[in-house]
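*Asks:* Below you'll find the structure I mean.
Residue numbers (this note's numbering), protein chains in the order written: chain A, 2 to 120; chain B, 2 to 120.
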């Protein structure tokens with residue numbers, strides 16, 4: 002399975018997870034390749050709007066580029082929603098972090114122990 | 002150009018139109034083929050959230066299935082947003098209609114004269 006299709010597969014899994022938790026969720030077409038900034042998933046339950054960037058890793062630590070965070074924050078501010086980083090760690094499952102908490106860090110290093118189990 | 006890629010082309014044009022009008026907009030991946038109901042485009046300017054189904058026609062009248070309207074209304078209600086039908090008529094351009102106004106009709110027939118020029 003290519004890196005891209007594996008990415009889509011995790012996005013689909015997270016969309017299902019969101020529907021099962023009361024959200025209406027969509028995957029964004031061409032995220033990362035569109036000429037406009039765009040996240041991977043947008044979800045809402047009518048109260049909270051979630052603007053989500055999805056990552057998966059086989060490692061125990063995930064490093065993110067500052068640019069990933071700044072683009073997500075920009076879109077979430079314009080659209081109106083919470084900027085969320087969702088990481089699937091192999092054999093551990095999904096962990097979440099509000100990207101606002103990461104915006105001032107010079108090195109962005111995500112470990113499950115410092116993230117949330119619920120979105 | 003296939004019917005599907007022509008459809009995507011109009012969706013991209015409408016996303017650009019929305020960005021030029023102060024909205025942050027995304028095309029939805031796999032709309033129409035996903036197992037969950039989903040629209041073609043979701044857009045927001047932080048105040049209004051638009052849940053959009055995109056159509057294009059070379060005819061002067063566009064007929065829509067009741068099911069198209071009911072699925073759009075369902076998603077818009079769950080997500081929290083205005084259900085909008087956006088139609089591109091050949092040589093006339095874009096026209097818009099709030100789908101709530103169409104929900105009780107038995108035959109859904111859209112002509113530019115009965116639609117809005119602005120979203």
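By construction, the Cβ of each residue, glycine as well, lies at the ideal position given by its N, Cα and C atoms.
Just so you know, these numbers come straight off a predicted model, no measurement behind them.
Closer than 7 Å by beta-carbon distance: list the chain A residues that pair up with residue 8 of chain B, in chain order.
*Replies:* Correct list: empty, because the minimum Cβ distance to chain A is about 12 Å.
*Asks:* Of all the CB atoms in chain A, is at least one closer than 9 Å to the CB of residue 95 of chain B?
*Replies:* For residue 95 of chain B, no CB of chain A lies under 9 Å from its own CB, so it is not counted at the interface with that chain.
*Asks:* Going by other Cβ atoms of all chains shown within 10 Å of its Cβ, with 16 needed for buried, is residue 54 of chain B buried or exposed?
*Replies:* buried
*Asks:* Indicate whether at least one CB of chain A lies closer than 9 Å to the CB of residue 88 of chain B.
*Replies:* no
*Asks:* Unbroken beta strand (DSSP E) runs of length 3 or more, entirely within the region 11–49 of chain B: which are they?
*Replies:* 25–28, 42–45
*Asks:* If I measure Cβ to Cβ from residue 75 of chain B and keep anything under 7 Å in the same chain, skipping five residues before and after, which residues do I get?
*Replies:* Sequence-distant Cβ neighbours of residue 75 of chain B in its own chain, meaning closer than 7 Å and more than five residues away, are 38.
*Asks:* Inspect the beta-carbon positions of residue 58 of chain B and residue 109 of chain B and report whether they are closer than 9 Å.
*Replies:* no
*Asks:* Starting from residue 108 of chain A, follow its DSSP beta bridges and name the residues at the other end.
*Replies:* BP columns for residue 108 of chain A are empty, so no partner.
*Asks:* Can we say the region 43–54 of chain A touches the region 76–87 of chain A, given the rule of at least three CB pairs closer than 8 Å?
*Replies:* yes
*Asks:* Would you verify that the beta carbon of residue 112 of chain A is, or is not, closer than 9 Å to some beta carbon of chain B?
*Replies:* no
*Asks:* Cα separation between residue 107 of chain A and residue 72 of chain A?
*Replies:* 15 Å
*Asks:* Mind listing the chain A neighbours of residue 43 of chain B? Cutoff is C-beta to C-beta under 7 Å, in chain order.
*Replies:* Those are 27, 43, listed as they occur along chain A.
*Asks:* Could you work out which residues of chain B lie near residue 55 of chain A, taking near to mean beta carbons separated by less than 8 Å?
*Replies:* Correct list: empty, because the minimum Cβ distance to chain B is about 12 Å.
*Asks:* Just reading off the alpha helix (DSSP H) that residue 78 of chain B is part of, what are its end residues?
*Replies:* 67–80
*Asks:* Take residue 102 of chain A as the anchor and find which of A:12, A:26, A:86 has the nearest alpha-carbon.
*Replies:* A:86
*Asks:* Can you give the Cα-Cα distance for residue 19 of chain B and residue 26 of chain B, rounded to whole angstroms?
*Replies:* 7 Å
*Asks:* Let me check understanding here. Comparing Cα to Cα, which of B:51, B:23, B:120 lies closest to residue 89 of chain B?
*Replies:* B:120
*Asks:* Should residue 48 of chain A be flagged as near chain B, meaning a C-beta pair shorter than 9 Å?
*Replies:* yes
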